[in-house]
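Participant:
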Amino acid sequence: MENQVLASFLNLANDFICSGYKSKQPDDIFIPVVSDDTIEQIAQEINACRNCPLGDTRTNAAPGEGVFNPLVLVIGEAPGEDEDKQGRPFVGKAGQLLDKMLGSIELSRTTNCFIANVIKCRPPFNRNPNIEETAACANFLERQINLLKPKFILIAGKIAAHALLKNTEPINQMRGKIYKLTFGEITYPALVTYHPAAVLRSDEYRRPTWEDLKLLREKLAELN
Ligand code: URA
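In my numbering, the protein residues as written are 75 to 298.
#1: Within 10 angstroms of the Cβ of A122, are there 16 or more other Cβ atoms? Answer buried if so, exposed if not.
#2: Do the segment 138–154 and the segment 169–188 touch if we need at least three Cβ pairs shorter than 8 angstroms?
#3: Any heavy atom of the ligand URA closer than 7 angstroms to the Cβ of A209?
#4: When we look at the beta-carbon of Q180 and count the other beta-carbons within 10 Å, is it buried (16 or more) or exposed?
#5: For A209, is the classification buried or exposed, using 16 other Cβ atoms within 10 angstroms of its Cβ as the cut-off for buried?
#6: I'd like the list of long-range same chain contacts for K225, defined as Cβ closer than 6 angstroms, with 5 residues on each side in sequence excluded.
#7: Would the beta-carbon of N204 be found less than 7 angstroms away from any heavy atom of the ligand URA?
#8: Report the option in F257, I120, G169 whose CA atom is closest to the CA atom of E155.
#9: Leaving out five residues on either side along the sequence, give the residues of the same chain with a beta carbon under 6 angstroms from the beta carbon of W284.
#10: Determine the direct distance from the alpha carbon of A212 to that of H269, and round the result to whole angstroms.
#11: Could you check the C-alpha separation between S93 and D110 for me, to the nearest Å?
#12: Looking only at DSSP bridge pairs, what is T261 linked to?
#13: Tell me which residues share the same chain as E206 and place their Cβ nearer than 8 angstroms to its Cβ, disregarding the 5 neighbours each side in the sequence.
#14: Kindly indicate the opening and closing residues of the alpha helix (DSSP H) around G177.
#15: Kindly examine the ligand URA and report whether one of its heavy atoms sits closer than 7 angstroms to the Cβ of A135.
#16: Mark D173 as exposed unless 16 or more other C-beta atoms lie within 10 angstroms of its C-beta, in which case mark it buried.
#17: Cβ of V148 within 8 angstroms of Cβ of A230?
#18: Figure out for me which residue from I113, P153, E114 has the closest Cα to the Cα of L128.
#19: Which residues, in chain order, sit with a beta-carbon under 5 angstroms away from any heavy atom of the ligand URA?
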């Protein structure tokens, strides 16, 4: 009896193997398309990227860091000198202020945020990234957003805002408003504020930046 069971099992297994896995599937079976992209995979590709000349001049790329499925994805412009040395986003003086700004509304890269940049490598002398560099890097950020699926996007500074909103408006006209940004099949609410480096340079940006943070806090509370 045991032998019969074993033999019929072997027959079944043989049929299955010989027939090919796909032909056994009924036509109407639903096979979900699962992306095998991961944040780590994207970071590896960024670290090896030579899609634009910044790949040759950087010390380290700064792919981004923070939590998965964040409440807020912060997007800045590009790594500066400190970020280039450490391979991490927003770790210099502007980054320290960014951490304080986020902390003032209970946000942080260790608990509920992911921090990234439009451009993953430092442009020499911290010049603004050009169109070719922005285009060469765009796919990395898009893939990050598609995986992270943040609840909200906070855009830090004019350069990042122009790249993401595809406009050329002055920052004082973009800040303080909720935009809708679509990536993949999801539309994300997004807010533009001053870059923390601008806030460090000029006191006049402190108050409007604080107003923006309060608006962000309000919008996040509404999401709950
Ligand atoms: N400025 C940015 O826009 N990003 C950083 O990571 C650091 C400074």
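Yeah, the Cβ is synthetic: ideal placement off N, Cα and C, and Gly gets one too.
Since the model is a prediction, treat every value here as computed from it, not as a measurement.
Facilitator: The structure says:
#1: Classification of A122: exposed, given that the 10 Å Cβ count is below 16.
#2: yes
#3: no
#4: Note on residue identity: the sequence assigns Glu, not Gln, to residue 180. It is exposed - the Cβ of E180 has fewer than 16 other Cβ atoms within 10 Å.
#5: exposed
#6: Correct list, in chain order: L145, L297.
#7: no
#8: G169
#9: So the list is empty, once near-sequence residues are dropped.
#10: 20 angstroms
#11: Unreliable placement is indicated for S93, whose pLDDT of 39 sits below 50; the coordinate value is still reported in the next sentence. The alpha-carbon atoms of S93 and D110 are separated by roughly 27 angstroms.
#12: T256
#13: Setting aside the 5 residues that flank it on each side, E206 is surrounded in the same chain by C126, each with a C-beta closer than 8 angstroms to its C-beta; the list follows chain order.
#14: 167–177
#15: no
#16: buried
#17: Their beta carbons are under 8 angstroms apart, which means V148 touches A230 by this criterion.
#18: P153
#19: G150, E151, P153, G154, E157, P163, F164, A168, N191
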